[in-house]
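Per the working numbering, the sequence shown starts with residue 959, numbered consecutively. Inspection log for the structure reproduced underneath, given as structure tokens.
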Amino acid sequence: MLIAFSAFAQPLNVVTTVGTIADVTKSVGGECVEVTGLMGPGIDPHLYKASASDVRTLQRTDIIFYSGYNLEGQLGEVLGKLSRQITTVAVSEGAITEEETLRKAGGNATDPHLWMDVSLWARTADVIAQTLTEASPDCQNAMANAEAYKTQLAALHEWIGESIITIPETQRILVTAHDAFFYYSRAYGIDVASVQGVSTQSEASIEDIRSTVATVAERQIPAIFIESSINPRTIEAVLQAVENQEFTTKIGGSLFSDAMGEAGTANGTYIGMLYHNTQTIVEALGGTIAPLPEALQSWAETWNL
Ligand code: ZN
């Protein structure tokens, strides 16, 4: 009996946690992967718990990519169990050493928001490419795809720095609800003041709000920002309290901190998320974004930007 082998084997099934990992996996894997992202737009990874249907999805996949450094705090146990049967890789732990990470305010725990520094997050492409190459002969392009993608990310990294520096120095401060932007701060030279702690599990206190209001009034910050995956209540409370003090600020826009925008839009890509955030921050705080670099032209054309 003849057995015919198809030239196109089944793509590898990959399940990812946050959208930023799903997008890097698609960019690196191309046609050799079928990616299912567990956490869509607006979802807070710190609080996310696996549903029964998520567990079934995870059990049936070939590979699981998650971030690690305790970003997916509630999934640790489930991922630990699954890792005994399924290739389960913590991409940021695999790409970024503990020494390169920041500590959460007031503690020794690692700040998990590593995608906010594009030069660090770019390295997750290598971890993903390596894993895919080992898992399937159909993924032999993954390494080359990762290199091409990293060229785009290197250009994005430069562009963010060049754009942020145009903000007048006293106004170069990012006020948000939760502490997702410390890596962005370190990489691109903008101060951050967040009302709430690094995880979203604790509510902002009256004292937190009061001290943020004082910073906004003192530095005459023209805009503060809400986040797509965080309840805007905290930032609205700051806005209200600032207005009671003879200084006016405004909501400068909504930033993507822990989740990306809608799938099928530019903001639903990792590059687009950082592009949107930077454009929103720079324009609201009185700067001008730098011209789009050559390496991002094809990305921009894809999304008609
Ligand atoms: Zn967060």
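Note that beta-carbon positions come from the ideal geometry of N, C-alpha and C, so glycine has one too. Computed from a prediction, not measured in an experiment: that's the story for all the values here.
Name all residues in chain order for which at least one heavy atom of the ligand ZN lies closer than 5 Å to the residue's CB.
-> Cβ-based neighbours of the ligand ZN within the cut-off: 1138, 1216.
C-alpha distance - residue 1094 paired with residue 970, whole-angstrom precision = Using only the alpha carbons, I get a separation of about 7 Å.
Using three-state DSSP, classify residue 1149 as helix, strand or coil.
-> Here residue 1149 sits in strand by DSSP.
If you scan the region 1045-1087 from start to end, which runs of the beta strand (DSSP E) of 3 or more residues do you find wholly inside it?
-> Restricted to the region 1045-1087, the beta strand (DSSP E) segments that are unbroken, complete and at least 3 residues in length are 1045-1048, listed in chain order.
Give the single residue among 1254, 1169, 995 whose Cα lies nearest to the Cα of residue 1117.
-> Selection 1254, 1169, 995 evaluated against residue 1117 yields 1254 as nearest (Cα-Cα).
Have a look at residue 1258 and residue 1230 and give me their C-alpha separation to the nearest angstrom.
-> Going by the C-alpha atoms only, they are around 9 Å apart.
Roughly how far, in whole angstroms, is the beta-carbon of residue 1086 from the beta-carbon of residue 1245, given that I think they are within contact range, below 8 Å?
-> That belief does not hold up - the Cβ atoms of residue 1086 and residue 1245 are roughly 33 Å apart, past 8 Å.
Chain-order list of residues whose beta-carbon lies under 8 Å from that of residue 964 (same chain, five-residue window excluded) | At residue 964 the pLDDT is 48, less than 50, meaning the model places this residue with poor confidence and gives no usable figure here.
May I ask you to report which of helix, strand or coil DSSP gives residue 1240?
-> The DSSP-derived three-state label of residue 1240 is helix.
Please list the segments of the alpha helix (DSSP H) lying wholly inside the region 1098-1134, counting only runs of 4 or more residues, in order along the chain.
-> If we require 4 residues or more, the alpha helix (DSSP H) runs fully inside the region 1098-1134 come out as 1100-1122.
Leaving aside the five residues before and after residue 1168 along the sequence, list all residues of the same chain whose C-beta is less than 8 Å from its C-beta, in chain order.
-> Result list for residue 1168: 1199, in chain order.
Rounded to whole angstroms, what's the CA-CA distance from residue 1019 to residue 1206? Just pull it up for me.
-> Computed Cα separation, rounded: 51 Å.
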